[in-house]
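In my numbering, the protein residues as written are 40 to 219.
Glycine included, every Cβ here is placed at the ideal spot set by N, Cα and C.
From a predicted model like this one, the values you see are computed outputs, not experimental measurements.
Here the structure is laid out as structure tokens; the discussion comes afterwards.
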């Protein structure tokens, strides 16, 4: 009888330990500086999918701002898009936060949240990008960002769902299949 108790106790301990080990951090713990000041609190987006995009104003993919805005307008009841301007790829985002914000609003009518300009790779990468790009932090995948307009899709429960490289348009079937 005593051996059965120890065995049961061992099973309970191992079960509890496995839940602790595999419990991945979610996006909701992040707060980032907004381009207009204040903070973007990802906890406010619970229950919606989140598309995170590293952006640049002078890139061959800058036209994707229009697609992102259209996607946001169409699906804003279940999708939030957050743009992260970055100057790490070809120095294609050299302006100030005010310049970037004005460009996005005037040229593309952007109304989705934009963060302050950040690094998305390397030692100085923003913590949210360290989470997005490292399986050890997100529990799903490792990603190497090679250019502007990489897209990360987060599910309604705050878990990383998918990554799309620059050449995948925001209105592509690859992304839309997750929104229908």
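- The Cβ-Cβ distance between residue 123 and residue 89 does not fall below 8 Å.
- Residue 130 sits exposed, since fewer than 16 C-beta atoms from the chains shown fall within 10 Å of its C-beta.
- Taking residue 109 as the centre and dropping the five residues before and after it, the same chain places the C-beta of 210 closer than 7 Å to its C-beta, in chain order.
- Listed in chain order, the beta strand (DSSP E) elements of length 3 or more contained wholly in the region 90-152 are 118-124.
- For residue 85, the closest alpha carbon among the candidates 67, 214, 77 is that of 67.
- Remark: three or more beta-carbon pairs, one from each stretch, lie closer than 8 Å, so the region 92-103 and the region 127-147 are flagged as touching.
- Here DSSP, grouped into helix, strand and coil, assigns residue 72 to strand.
- A Cβ-Cβ contact shorter than 8 Å links residue 192 with residue 201.
- Contact between residue 218 and residue 199 does not hold, since their C-beta atoms are separated by about 16 Å, which reaches or exceeds 8 Å.
- By the CB criterion at 8 Å, residue 176 and residue 65 fall outside the cutoff.
- An exposed status is given to residue 113, since fewer than 16 other beta-carbon atoms sit within 10 Å of its beta-carbon.
- Assigned with DSSP and collapsed to three states, residue 65 falls in coil, not helix or strand.
- Inter-segment contact for the region 155-167 and the region 67-80 is present: three or more beta-carbon pairs are separated by less than 8 Å.
- In this structure, residue 106 keeps its C-beta atom at 8 Å or more from the C-beta atom of residue 185.
- Between the C-alpha atoms of residue 150 and residue 144 there is a straight-line separation of about 7 Å.
- Separation of the CB atoms of residue 118 and residue 87 is rounded to 6 Å, and the pair is thereby assigned contact status at 8 Å.
- Rounded to whole angstroms, the separation of the alpha carbons of residue 115 and residue 163 is 31 Å.
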